[in-house]
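For the sequence shown, counting from 1, position 36 maps to 36 in UniProt numbering; every step adds exactly one.
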Amino acid sequence: MELLPKYSAWAEGVLAAGGAQQDDVLMYVMLWRIDAGDYAGALEIGRHALRHGWVMPLGNRNVQTVLAEEMADAAQSALLAAAGFDADLLLQTLDLTTDLDMPDQSRARLHKAIGAVLSESNPASALNHLNHALQLDPRCGVKKEKQQLERRLRNDSR
């Protein structure tokens with residue numbers, strides 16, 4: 001991510017100016033920020049891009065799908081590495097993309113990631129997100145986690 005620092009001041013300038021014209025380079029910076037772990041910075045660009053109706057320069061995914069999938073994947077990778085992930089970043093992503101069109105599987109990935117991140121700190125909310133994921137994509141791979149959380153919540157209520 002050697003390129004990211006070279007574009008930081010420029011990206012901040014575009015965002016501060018509120019530029020509405022499509023900027024492909026800024027869209028790449030959004031992806032680079034996710035890759036570099038600057039999730040809040042990526043969300044800032046994503047919020048700006050969605051506000052102005054920008055599109056991804058290459059590929060077949062729209063901005064909201066890219067944000068949902070990439071943030072979900074980053075969270076899952078962090079959890080696999082036992083590194084933890086800020087649930088608020090995922091909840092911001094969900095809030096930002098809730099009313100926007102994307103494949104159900106992509107939205108399910110985001111709910112699955114939120115459920116995984118919240119499973120220790122807020123099991124009831126985690127279960128809610130896993131249920132949403134399952135409704136959106138029955139093959140999203142949350143059934144085992146869902147059963148474990150249900151069992152845990154039942155045991156906690158005794």
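Each residue gets a CB set at the ideal place from its N, CA and C atoms; glycine is no exception.
None of these values were measured; they are calculated from a predicted model.
Excluding the five sequence neighbours on either side, which residues of its own chain have a C-beta within less than 7 Å of the C-beta of residue i, listed in chain order?
i           : result
Ala124      : Leu153
Val63       : Gly46, Ala49, Leu50, Trp54, Val55, Met56
Val14       : Asp23, Leu26
residue 196 : Nothing about residue 196 can be read from this structure; the chain reaches only from 1 to 158.
Arg139      : none
For residue i, which of helix, strand or coil comes out of DSSP?
i      : result
Leu110 : helix
His129 : helix
Ser8   : helix
Ser119 : coil
Asn60  : coil
Ala83  : coil
Val14  : helix
Gly53  : coil
Leu3   : coil
Met102 : coil
Ser77  : helix
Val142 : coil
Gly41  : helix
Arg158 : coil
Give every residue of the same chain whose Cβ lies closer than 8 Å to the Cβ of residue i, excluding the five residues on either side of it in the sequence, and list them in chain order.
i     : result
Met92 : Note on identity: in this sequence residue 92 is Gln, with Met being the wrong assignment. If we look at Gln92 and ignore the five residues flanking it on each side, its Cβ neighbours are Leu43.
Ala74 : Ile34, Gly37, Tyr39, Phe85
Glu2  : none
Assuming residue i contacts residue j under a Cβ cut-off of 8 Å, what Cβ separation, rounded to an integer in Å, is found between them?
i      : j     : result
Trp54  : Met27 : 7 Å
Leu100 : Met71 : Not a contact, Cβ separation roughly 14 Å.
I'd like the list of long-range same chain contacts for residue i, defined as Cβ closer than 6 Å, with 5 residues on each side in sequence excluded.
i      : result
Leu4   : Trp32, Ala36
Asp24  : Pro57
Gly141 : none
Determine whether the beta carbon atoms of residue i and residue j lie at a separation below 8 Å.
i      : j      : result
Leu96  : Leu67  : yes
Ala116 : Leu149 : no
Ala82  : Lys112 : no
Arg109 : Glu69  : yes
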